[in-house]
Amino acid sequence: MGARLSLWTILLCVAFSCTARSTSAVIISFDYSYDTAAIDGATGFFDTTHTYTDGSTGTERRLRLEQAGSILASQLDDSLLAIAPDASNTWTPTFNNPATGSTVSGPNLAIAADEIWVYVGGRDLTGSGGSPTGAPLGIGGPGGFSISGATSSTFVDAITHRGQGTAGIFSQPADDFGPWGGSITFDSDIQVSVSGTPTSFDWHFGETTTGLDSTEYDFLSVAVHEIAHVLGFGISSSWDNLVVVGGSPLGSDNVFTGPESVAVFGGNVPLEGDASSPDTNPGHWLAGTLGDTLAFDTSISSQQRALPQDLDWAGLMDIGWQVTLVPEPGTFALLAFAGILACTRRRAK
Numbered sequence: 059m060g061a062r063l064s065l066w067t068i069l070l071c072v073a074f075s076c077t078a079r080s081t082s083a084v085i086i087s088f089d090y091s092y093d094t095a096a097i098d099g100a101t102g103f104f105d106t107t108h109t110y111t112d113g114s115t116g117t118e119r120r121l122r123l124e125q126a127g128s129i130l131a132s133q134l135d136d137s138l139l140a141i142a143p144d145a146s147n148t149w150t151p152t153f154n155n156p157a158t159g160s161t162v163s164g165p166n167l168a169i170a171a172d173e174i175w176v177y178v179g180g181r182d183l184t185g186s187g188g189s190p191t192g193a194p195l196g197i198g199g200p201g202g203f204s205i206s207g208a209t210s211s212t213f214v215d216a217i218t219h220r221g222q223g224t225a226g227i228f229s230q231p232a233d234d235f236g237p238w239g240g241s242i243t244f245d246s247d248i249q250v251s252v253s254g255t256p257t258s259f260d261w262h263f264g265e266t267t268t269g270l271d272s273t274e275y276d277f278l279s280v281a282v283h284e285i286a287h288v289l290g291f292g293i294s295s296s297w298d299n300l301v302v303v304g305g306s307p308l309g310s311d312n313v314f315t316g317p318e319s320v321a322v323f324g325g326n327v328p329l330e331g332d333a334s335s336p337d338t339n340p341g342h343w344l345a346g347t348l349g350d351t352l353a354f355d356t357s358i359s360s361q362q363r364a365l366p367q368d369l370d371w372a373g374l375m376d377i378g379w380q381v382t383l384v385p386e387p388g389t390f391a392l393l394a395f396a397g398i399l400a401c402t403r404r405r406a407k
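Counting from 59, one number per residue, gives the positions in the sequence shown under this note's numbering.
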């Protein structure tokens, strides 16, 4: 049995971009302009001019992130309002700076219809989980905003909820979620306690699981997990409204009651949190709910690829996303690699 660490949720988002495109409505654009931490002799986690000591290049890392975005975006068929600021309508996005962890304010950003904008980067997350070996593999979530001047209700609606929900941001209870985007930070120095000894692990940046071994964590899996948090999984009002604290399937104090998820699982779905450590805002499926196969449970093992399964997609549907499961070339073929056994577990945020 390996060590268990954490992969947290946090409010984040926005800036300079590469785009994961598909034939679906939604486009996820990645902005690397805040990826400025000094890492392994490079400027940032995704430096395209650098080859890192693990042998990966910044270009390879970006390609894998864009693949993760495509895996999710290719199945989402929502129509998101464009955010189009002008002289009379301005706003300020706020998000966690991937390089520092501090909250920063972005520009008066224009975001296209159906586009989600995500600031990404990396830094050493050591200590973020309370101990040198307790850091999460990644931290991701939706960003905040302020509106300093607006004369158009459509502009306000676009910023607050992208036109999603029966009554938008004022829907009670919330039944949908439409972020402008968010931000994600990946750990640049993975340290895991193995039998009480701090041990270094690497990322696996491969398109397939070839070469993924017991000393590596699969970057594609973690990236998909964190992008899901930007989409509101585990960290939105439409999620919170379907969480019930109480009941104990599989030893959990918390359950998720979304109808799509209940239909897939056959009952309320166990969430993170137990009697000894209750979590009043659980944001993950309970680890082990369906073995090690789920992409959105609380942990992932080294040497494991875990991409979205039916229950994961159902969770996104329950918080308001329109999911159309149409395989893209190469996307669902990857799912065959999802169940690799692991020796060490690390929790996802």
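A virtual CB, placed ideally from N, CA and C, is assigned to each residue, including glycine.
Assigned secondary structure, residue i (DSSP; H/G/I helix, E/B strand, else coil)
i      : result
His342 : coil
Ile227 : Here Ile227 scores only 47 on pLDDT, less than 50, and its place in the model should not be relied on; the value that follows carries that caveat. It is helical.
Asp135 : coil
Pro165 : coil
Thr117 : helix
Ser87  : strand
His283 : helix
Ala126 : helix
Trp149 : strand
Trp261 : strand
Glu318 : helix
Gly373 : helix
Asp112 : coil
Asp271 : coil
Ser357 : strand
Glu386 : Note that Glu386 scores a pLDDT of 47, beneath 50, so its modelled location is shaky; the value from the coordinates is reported in the next line. Note: Glu386 maps to coil in three-state DSSP.
Asp298 : helix
Asp105 : coil
Leu329 : strand
Asp93  : coil
Leu348 : strand
is_contact[residue i, chain B] using C-beta, thresh 8 angstroms
i      : result
Ala321 : Absent from the structure is chain B; it holds one protein chain and no more.
Rounded separation between residue i and residue j - CA only
i      : j      : result
Asn299 : Gly349 : 26 angstroms
Ser295 : Phe263 : 33 angstroms
Ala168 : Ile141 : 5 angstroms
Gly116 : Gly292 : 30 angstroms
Asp247 : Ala321 : 40 angstroms
Leu289 : Thr107 : 30 angstroms
Leu270 : Gly201 : 32 angstroms
Ser359 : Leu365 : 13 angstroms
Gln58  : Val250 : Lying before the first or after the last residue shown, residue 58 is absent from the chain, which here runs from 59 to 407.
Pro317 : Gly164 : 37 angstroms
Asp376 : Val327 : 12 angstroms
Ala131 : Thr257 : 35 angstroms
Trp371 : Thr315 : 14 angstroms
Thr356 : Glu330 : 7 angstroms
Arg119 : Phe104 : 6 angstroms
Leu352 : Asp276 : 14 angstroms
Of the listed residues the options, nearest to residue i (C-alpha basis)
i      : options                           : result
Gly99  : Ser91, Thr111 and Phe88           : Thr111
Leu138 : Leu369, Thr268, Ser319 and Arg220 : Arg220
His283 : Ser128, Thr150, Ser251 and Gly116 : Ser128
Phe235 : Leu383, Val84 and Trp379          : Trp379
Asn166 : Val178, Thr148 and Arg181         : Thr148
Asp93  : Ser87, Thr158, Ile85 and Gly102   : Gly102
Ser279 : Pro156, Phe244, Val313 and Ser253 : Phe244
Gly223 : Asp215, Asp233 and Val84          : Asp233
Ala145 : Phe203, Phe213, Leu352 and Ser91  : Phe213
Val252 : Thr356, Val178, Leu121 and Ser272 : Ser272
Asp135 : Asp355, Phe104 and Asp172         : Asp172
Tyr90  : Pro143, Val178 and Val84          : Val178
Cβ-based burial, residue i [other Cβ within 10 Å; buried from 16]
i      : result
Ala176 : Residue identity differs from the one stated: residue 176 is Val in this sequence, not Ala. That one is buried.
Thr268 : exposed
Leu195 : buried
Leu383 : exposed
Gly113 : exposed
Val302 : exposed
Ser160 : exposed
Ser87  : buried
Ala96  : exposed
Gly254 : exposed
Gly187 : For Gly187, the pLDDT reaches just 49, beneath the cut-off of 50, and the residue's location in the model is therefore unreliable, leaving the point undetermined.
Thr347 : buried
Gly325 : exposed
- Query: At what residue ranges does the region 169–255 contain a whole run of the beta strand (DSSP E), taking only runs of 3 or more?
  - Reply: 173–181, 196–200, 202–207, 239–245 and 248–252
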